[in-house]
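Single-structure report; data block below.
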Amino acid sequence: MAECSAMKESFPLLLTESLDAQTREASHLHIENCAKCADEWNGMKEAWRLMGELPELEPPARIKQRFLAEIGVAEQKTNVVPFHRRPAFKWLSQAAAVVILAGGSYFVGHRSQPIHVQPTGVASVERIPAAPIQPAAFSIAETRTIDAANINPNIEGRPDIQNVQFSDVDPNDDQIQLAFDVTQHVTVTGARNDKSMVRLMAYVMENEDRMSPTRSRAIDWVRQTYTPDKSTSPEIAQALAKVLRNDTHEGVRIKAVDALKTMPTTSGDTREALIAALKNDPNPAVRIKAVDALAKLAASGQLDSAAVDMLRQKAMQDDENVYVRTRAAEALGKIHP
Amino acid sequence: MTAIALFACASLLAAPVSHTERFVRDFPLDAGGTLWIEDPIGAVDVVGSDQDGVSVSVVKVVVAPEGTSLKEGREQTQVLMGGDAKSRLIRTVVNGSPAAKWKSNVAYVVRVPRATTVHITGQMGEHIKVTNIAGTVTAKNTNGEITLDSIDGPVTVDSVNGNIHFLTEARPSDPVQLTTVNGSIEVQVNGDSNLDWIAQSITGDFKTNLALRSPRIALNTMRGIVNGPGGPSLVTTAVMGDVFLLSRGGSPNEIRSVKMAVVRPAVPGPQATPVASLGVLQQQARVIETIEQPLVNGPFMYATKLGNFRIGEIRGLASIQTGAGQVYLGTVTGNCSVRSMGGPLELGDIYGDLNAHTEAGEILVRNARKGGELSTGGGTLHVIYAGGAISLHNGGGDIIVNQAVGAVEADTRSGDVMVTMDPRLHTQHVSVKTTKGNIVLNIGGRFAADIDATILTTDEEAAGVRSDFNGLTIKRDTFNGKTRVRATGKIGGGGEKIELYTEDGEIQITQQGVTH
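One line per chain: the protein sequences are R and G, in this order. Quick note on the numbering used here: the first sequence kicks off at 1234 and runs consecutively. Quick note on the numbering used here: the second sequence kicks off at 1013 and runs consecutively.
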């Protein structure tokens, strides 16, 4: 019975595909085996579908103003042409309109938790999470500042975060700030190499809206913020390596390899990404920077045989750009007993 | 030799200790059998003889600062021998970490039957030398010279930084392939040898004192027939070094450059090229030439196959062409033309018309006073100030213009484009296209233009055009199966045309001074 209750509370997260894979699987298993929950789930799915078909209407200005006044937020005038929201936010705006009109909603409160920012020390969630229901108003207007040390470094699911901003209020201390919108504006403050902060930075670089300028900015910022520090977490370099391997945007890959080149720590994963970039990347600038990064490793005696073989292959490759070939040869020339 | 070097090294340390171990092992090996040697840390000498079986002489030296490390070094440096009468394997296994305090060296002298097939893999050993073998020989290393003397079988040699010597009194009858990245190659054969010679080098030359018939050079490769047709192939690749093909016992004074002969066949007289000594090449740490000048008081025109340029100021026009290299020019008071087949370009204050292109690499221009045309095959293209119309083409990478006074035309295959127009401008033509990326156009509050901004995307819910300016009408439809978002309209009452086009990206038209 308690399981059914927890299950019902997780339905909104299930609807928005915000649950992690394990919990999602457990939820579906439960629904398949519990007729009552299955009925409720089907009803909720239908309601959700119908809500999706509602036209995208602005609430009447009078009601909207009154609502904003009640929660203490003055409507800001803007001459920005409205953004067409991504699906999740389209649902959110529709749901929010319903909430305003109906005086509250069960769903919206739950959807305010797509990123599981959990207190440190909480054991990993094996059961269906019973997220507290928050009033809809707070999910729209509230701004929270969270200390990175107090959040769980494990980011579950793939929360859709937007309007990412980076700042370093006092460059003389180790603290940095990362602000973003989930369903509310959140600012996470913490030490550069705090595990949660590192994970968030890595998440932004790897998962930020694929074409958003934020990703380029994130890489630039990471480069400025982390590279002077010899104790930079290897996870940052790994995230950059992942971007280098997977991003289809050539400008972003150039930035990623450029940042990687200046990273003080180089794991095997990073080396492999550099080797793969040198071998396969269609952009010559990426290959040049990958050669330079490997040359730096060669000079510090960190080259493994795979990297040497790839540099040798590149130096020999007839159809490769001559500059890449000569840089590869120069890198090999730095190998000494 | 190695032991001496190690001892010399060790003498610099406080109270160094060393241990030298010598032993000989004999094994049966059939005629026509195979010998494999892997030795990452020492010299290898293999000599063919008429005697049966294999005889292996081993010298193992370990040097350390103290006894405990020495013991560890001795334990972690192992010589393994195995195989049977058809195939023998000799291996040096070193398990030390890079931080280990000890150093070791294992040198082999191996006698084998002449008909043996020999495969040697070295790494940092001081040399590999194979003499008097009639079977196939392959040798590979990273550093150290490789010498093959009197080898009658097929040969494949591959080195990273080592010179290669292939010497024989006979006329080769089997294919020979010699490859080194940073070393040079010397081949000495019987003067009557017929060979199909293919030589490759980016920075080096091909030199010979043999009769070479109709040599042809294309890019970095030369092909020619030595003496007469019908001979085996000789492929010599020295990426950054020279290639010598010499007649054994021939005159050094007759050595000539094939490149020079092909490029300038009419040059009279002997093209004598000094060689350190026959059979020995100087180790050449060849790097790309750098033309470095703080000031050129007049026009500067230079073309090179490979070269870096670093010039502080040119008082006149600049015309530079390089096959590959970095180009840095501080100030150019005249027109500036730079063509590079690869390598980054960094240009400072350019007074005249600017025209710069690189096949690969970044372009940074600090001040293009009259504007110009810039293009790269791939890399970030960044202009800090453009005083005139500027045209920017990028094969892949971002384009950034910090301040443009003139018209801007920019396109990139994949990358973001960020253009900031001079805040004092009232209107100016801008055309930006990216096939994959975002566009940010930053203009002053008084800027007037006719806007036509289009996004074509596979994402049905793609973000639209964001603008700080009123007056745009946004339409969304389907075009060729994709979602098309188009914003058109006049800002500031209308003016020059602004055309922005992206696929799979966003467009932002922002107003200077407005924070977001």
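Virtual Cβ for every residue (Gly too), placed ideally from N, Cα, C.
A1213(R) (DSSP reduced to helix, strand or coil): Any property of residue 1213(R) remains undetermined from this structure, which presents chain R solely from 1234 to 1570.
Between the CA atoms of G1427(G) and A1461(G) - distance to the nearest angstrom: 25 Å
DSSP state of N1232(G) mapped onto helix, strand, coil: coil
Cα-Cα separation between T1503(R) and S1349(G), rounded to whole angstroms: 38 Å
Any C-beta of chain G under 8 Å from that of P1362(R): With a pLDDT of 35 at P1362(R), under the threshold of 50, the modelled position of that residue is not reliable, and no figure is offered here.
Contacting residues, own chain, Cβ-Cβ under 8 Å from R1436(G) (five flanking each side not counted): G1456
E1258(R): first and last residue of the uninterrupted alpha helix (DSSP H) it sits in: A1254 to N1266
Minimum C-alpha distance to R1123(G) - residue among L1484(G), A1043(G) and S1030(G): A1043(G)
Three-state secondary structure (DSSP) of M1013(G): The pLDDT assigned to M1013(G) is 49, lower than 50, so where the model puts this residue is not dependable; a value taken from the coordinates is nonetheless given after this. If DSSP states are grouped into helix, strand and coil, M1013(G) belongs with coil.
Cβ contact check for the region 1406-1424 of chain G and the region 1506-1523 of chain R: 3 or more pairs under 8 Å: yes
Per-residue DSSP class, three states only, for H1569(R): coil
Extent of the continuous beta strand (DSSP E) run through T1522(G): I1519 to Q1523
Rounded Cβ spacing between I1300(G) and G1319(G) (contact assumed at less than 8 Å): 6 Å
Below-8 Å beta-carbon distance, N1320(G) vs any chain R residue: no
Residues, ordered as in the chain, of the region 1452-1465 of chain G that lie near chain R by beta-carbon distance below 8 Å: V1452
Contacts around E1181(G), its chain only, beta-carbon distance under 8 Å, and the 5 residues preceding and following it disregarded: S1162, N1202 and R1260
8 Å contact criterion, which N1221(G) and E1266(G) should meet: CB distance rounded: 4 Å
Any chain G beta carbon closer than 8 Å to E1258(R): no
Three-state secondary structure (DSSP) of K1509(G): strand
Cβ-Cβ separation, I1568(R) to A1531(R) (assumed contact under 8 Å), whole Å: 5 Å
Unbroken alpha helix (DSSP H) run spanning N1155(G), endpoints: Here N1155(G) belongs to no alpha helix (DSSP H), and DSSP marks it neither H nor E.
Proximal chain R residues relative to V1105(G), where beta-carbon distance stays under 8 Å: Chain R residues near V1105(G): none, gap ~15 Å exceeds 8 Å.
Min CB distance R1539(R) to chain G below 8 Å: Note on identity: in this sequence residue 1539(R) is Ala, with Arg being the wrong assignment. No - not a single Cβ of chain G is within 8 Å of the one on A1539(R).
Cβ distance (whole Å) where V1497(G) is taken to contact V1477(G) below 8 Å: 6 Å
T1416(R) burial status per 10 Å Cβ neighbour count (16 or more: buried): buried
Residue-level contact to chain R via CB, G1525(G), 8 Å cutoff: no
S1345(R), buried or exposed, once every other Cβ within 10 Å from all chains shown has been counted against 16: Any reading at S1345(R) must be qualified, since the residue scores a pLDDT of 38, below 50, and its modelled position is unreliable; no value is offered.
Local conformation of N1194(G) per DSSP, three classes: coil
CB of L1004(G) within 8 Å of CB of W1114(G), strictly: Summary: the structure shown does not reach residue 1004(G), with chain G confined to residues 1013 through 1528, and so no result is reported for it.
Beta carbon proximity, A1489(R) to chain G, threshold 8 Å: no
Proximal chain R residues relative to M1433(G), where beta-carbon distance stays under 9 Å: None at all; the shortest Cβ gap to chain R is about 18 Å.
Residues that DSSP places opposite C1348(G) in a beta bridge: A1330(G) and L1366(G)
Burial state of G1423(G) (16 or more Cβ within 10 Å): With the sequence shown as reference, residue 1423(G) is identified as Asp, and Gly is not the correct amino acid for it. By the neighbour-count rule (16 or more Cβ atoms within 10 Å), D1423(G) is buried.
Nearest candidate by alpha-carbon position, reference D1096(G), set S1213(G), R1228(G) and P1040(G): P1040(G)
Any C-beta of chain R under 8 Å from that of T1249(G): yes
Identified DSSP bridge partners for L1082(G): Per DSSP, none; premise fails for L1082(G).
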